[in-house]
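Trainee: Numbering (my numbering), first residue to last: 1 to 272. Beta carbons are placed, not taken as given, at the ideal position from N, Cα and C, and that holds for glycine. Keep in mind it's a predicted model, so treat the numbers as computed, not measured. Below: one structure in structure tokens.
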Amino acid sequence: MRFIRLVAPFVIMAVLVSGCGGKPAGTAAPSETPTGTPAPQETVGISATTAPSVAGSSKSPTAKASTQRPGRKIKVMVLGDSISAGAQDEVMNGYRLDLLKKLPAYAIDYVGSYKRGDSRLADKDMQAEGGACIHATPCNSTSMYEETAGWITAAQPEVVILQGGGNDYCCGRNDQPDSVVIQAMTDWINLIFKTKPGVYIVVIGMTDYHYGYKDWIPKYVKSQAAAGKRIAFVSYDGVSTYDTVHPNIAGYQQLAGRIALVVKPIFDKLLA
């Protein structure tokens with residue numbers, strides 16, 4: 001994997017076009033490209049939209065769960081691109097270590113065929129990769145749609161924390177209609193549910209560019225949750241980054257806190 005420190009939006013755009021590939025065997029590459037000043041995103045608070053079956057809790061996400069079962073691990077797959085993987089060595093744990101710290105009462109078993117993390121993170125399993133696309137050819141790295149059914153079947157996650165789409169605009173596709181990536185995300189979510197019908201999906205929002213796609217995500221998740229699907233949304237708005245796209249240390253702490261609020265009621269449901 002290659003690391004490219006992005007210092008300005010126009011440099012980021014150059015990375016998006018030129019790309020960076022390879023699987024995260026110790027490193028992950030930057031993946032998304034902003035196109036201007038962040039705009040407000042329509043969300044429903046930090047935890048945004050959750051399905052009726054995983055309604056939110058007023059308790060702190062770090063509070064001990066009364067339904068916890070000794071030895072009962074919850075299988076969680078982190079699935080996405082470099083935003084999920086952690087693009088630089090200093091953030092190579094992504095949000096995974098911080099999420100464990102936010103939810104100490106739960107035994108989280110990260111699953112996936114990739115490993116990435118430092119010595120602080122004992123469970124390094126994940127399915128996130130720098131440069132990965134949802135469903136695009138050519139792609140700077142893996143086109144995830146084609147591999148996802150196999151990943152889900154092999155790992156059997158109970159919760160999938162999903163994020164992607166930015167790299168689908170790469171490789172000369174920066175000006176393609178948002179509808180193309182919207183369809184890719186729709187197909188991807190449907191594929192996961194088809195492969196493992198009982199799974200819960202938590203979708204992380206988009207960074208501040210390609211606003212048609214970014215603004216569609218929470219609306220779609222809300223509509224699917226209202227229809228009874230086991231799906232929830234986590235906003236990416238305002239997350240602290242080192243290059244306007246990829247979270248820095250503080251950003252991953254923020255993101256972990258938001259994810260913890262959404263997955264805690266899901267975990268309680270699984271342990272009930």
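#1: Could you check the C-alpha separation between residue 190 and residue 177 for me, to the nearest Å?
#2: Quick test of your reading: residue 95 and residue 256, contact by CB under 8 Å. State the CB separation rounded to the nearest angstrom.
#3: Rounded to whole angstroms, what is the Cα-Cα separation between residue 122 and residue 108?
#4: Would you say the beta carbon of residue 96 comes nearer than 6 Å to a heavy atom of the ligand FAD?
#5: For the 8 Å Cβ check, are there 3 or more pairs between the segment 132-147 and the segment 87-103?
#6: Please state the DSSP three-state secondary structure of residue 179.
#7: Is residue 264 helix, strand or coil by DSSP?
#8: Less than 8 Å between the CB atoms is what I'm expecting for residue 127 and residue 114, so what's the real figure, rounded?
#9: Sort 216, 124 and 161 by Cα distance to residue 179 and report the nearest one.
#10: In whole angstroms, what separates the C-alpha of residue 243 from that of residue 88?
#11: Look at residue 266 and residue 199 and say whether their C-beta atoms are less than 7 Å apart.
#12: Going by beta carbon distance, what residues of the same chain come within less than 8 Å of residue 44, once the five residues before and after it are set aside?
Mentor: Taking the structure as given:
#1: 21 Å
#2: 4 Å
#3: 11 Å
#4: Among the components modelled here there is no ligand, and therefore nothing to report on the ligand FAD.
#5: no
#6: helix
#7: helix
#8: 6 Å
#9: 216
#10: 11 Å
#11: no
#12: Unreliable positioning characterises residue 44 in this predicted model, as indicated by a pLDDT of 30, which lies under 50. A coordinate reading is not provided.
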